[in-house]
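Written below as structure tokens is the structure these notes are about.
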Amino acid sequence: MLSSLLEQLKPTAATLVAVSKTHSEAAILELYEAGHRDFGENKVQELQEKYENLPKDIRWHFIGHLQTNKVKYIAPFIHLVHSIDSEKILKEINKRAKNEERTINCLLQFKIAAEDTKYGLTLTEAQQLLENTYPNLTAVNIIGVMGMATYTSDEQQVRREFQSLKNIFQELKANYFASKADFKEISMGMSGDYQLALEEGSTMVRIGSLLFGERQY
Ligand SMILES: *Cc1c(COP(=O)(O)O)cnc(C)c1O
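First residue of the sequence shown? That's 6 in the working numbering, and the numbers climb one at a time after it.
Encoded structure:
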């Protein structure tokens, strides 16, 4: 599955984040040994344990809702936080990154789905954050956006939601990051909808069950 996915991603140059939440270290090592390095987790404690036990050149992506009191545990090593959904969490990451003498790359998460269970910023909140808060933060680097589409078989709806994220990306790029080449990531697409996401301009797909099988909780 890994090689056929990578083959599909090749023409798009999108990054594959293998979402390993709930799956064993052995399952992760299998992909690692096949050369894969980007893995995604959504629980701090689980991520911390896996980080400690697995090779240190893995690039760990945090993809779940992050609580401020847990940032300190992942600040020393996290590669990319996909899920900035408040000003508060961005400030806390900045503080902990400073303590670690590193810069942490982040994506702004937007609520693009119709379901109200998903976390994320509105465009107005993001604009306020970028105008009032972000200019004062020196240890976080915003490199793009992330979103999750509605879980539905309605392809047109999913497509429209991905397009709305792409539009948000372009709007922010033009207004706040025009001279910053590294603002370039659009993290969208999961096992069920990654093909649509790629067609709509995704640069990063987050795929779990297709690679690891169904999750058992
Ligand atoms: C679990 C999860 C995924 C992967 O979901 P699959 O359907 O298993 O591919 C992607 N993104 C986020 C934010 C997730 O929580």
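Backbone N, C-alpha and C fix where the C-beta goes; we use that ideal spot for every residue, glycine too.
Every value quoted in this text rests on a predicted model; they were computed, and no experiment measured them.
Own chain, CB closer than 7 Å to residue i, minus 5 neighbours either side, in chain order
i, result
"Lys171", "Ile191, Glu205, Gly206"
"Ala19", "Leu203, Ser207, Thr208, Met209, Val210"
"His70", "Ser88, Asp90, Tyr124"
"Phe182", "Phe188"
Residue i in three-state terms, based on DSSP
i, result
"Asn47", "coil"
"Glu166", "helix"
"Ala131", "helix"
"Thr20", "strand"
"Arg101", "helix"
"Glu219", "coil"
"Leu142", "coil"
"Gln114", "strand"
"Phe67", "strand"
"Glu190", "strand"
"Ser9", "helix"
Reference residue i; option with closest CA among the options
i, options, result
"Lys1", "Ile212, Leu113, Gln161", "This structure cannot settle anything about residue 1, because the visible part of the chain is limited to 6 through 222."
"Leu21", "Glu30, Thr122, Gly45, Gln168", "Gly45"
"Asp187", "Ile212, Cys111, Glu166", "Cys111"
"Asp121", "Met153, Gln132, Glu54, Thr129", "Met153"
"Lys77", "Ile117, Ile63, Ile94", "Ile94"
"Gly149", "Asn141, Glu176, Thr138, Glu136", "Glu176"
"Glu35", "Tyr139, Leu201, Met6, Arg164", "Met6"
"Arg107", "Pro81, Ala119, Thr129, Leu128", "Pro81"
"Gln51", "Thr27, Ala31, Asp62, Asn74", "The residue you asked about is not Gln; residue 51 is Glu in the sequence shown. Closest option to Glu51, Cα to Cα, is Thr27."
"Phe174", "Leu128, Leu215, Leu142, Tyr222", "Leu128"
"Ala119", "Leu201, Thr143, Arg165, Ala144", "Arg165"
Alpha-carbon spacing of residue i relative to residue j, whole angstroms
i, j, result
"Thr17", "Leu85", "20 Å"
"Ile109", "Tyr156", "30 Å"
"Lys123", "Lys103", "29 Å"
"Ser196", "Gly213", "6 Å"
"Ile98", "Arg220", "29 Å"
"Tyr37", "Ser9", "16 Å"
"Phe167", "Gly218", "25 Å"
"Ala131", "Ile117", "13 Å"
"Ser29", "Lys55", "9 Å"
"Lys100", "Phe67", "17 Å"
Residue i beta carbon near ligand 2 (any heavy atom closer than 7 Å)
i, result
"Val150", "Of the ligands this structure carries, namely ligand 1, none is ligand 2."
Proximal residues to residue i (C-beta, below 6 Å), its chain only, five neighbours per side dropped
i, result
"Arg64", "Arg42, Asp43, His84"
"Ser25", "Ile33, Phe44"
Beta-carbon proximity list for residue i, same chain, < 8 Å, skipping 5 on both sides
i, result
"Leu126", "Ile89, Asp90, Ser91, Leu113, Gln114, Phe115, Lys116, Leu134"
"Asn58", "Glu30"
Quiz item: Can you pull every residue whose C-beta falls closer than 5 Å to some heavy atom of ligand 1, listed in chain order?
Solution: Val24, Asn47, Ile68, Met195, Ser196, Arg211, Ile212, Gly213, Ser214
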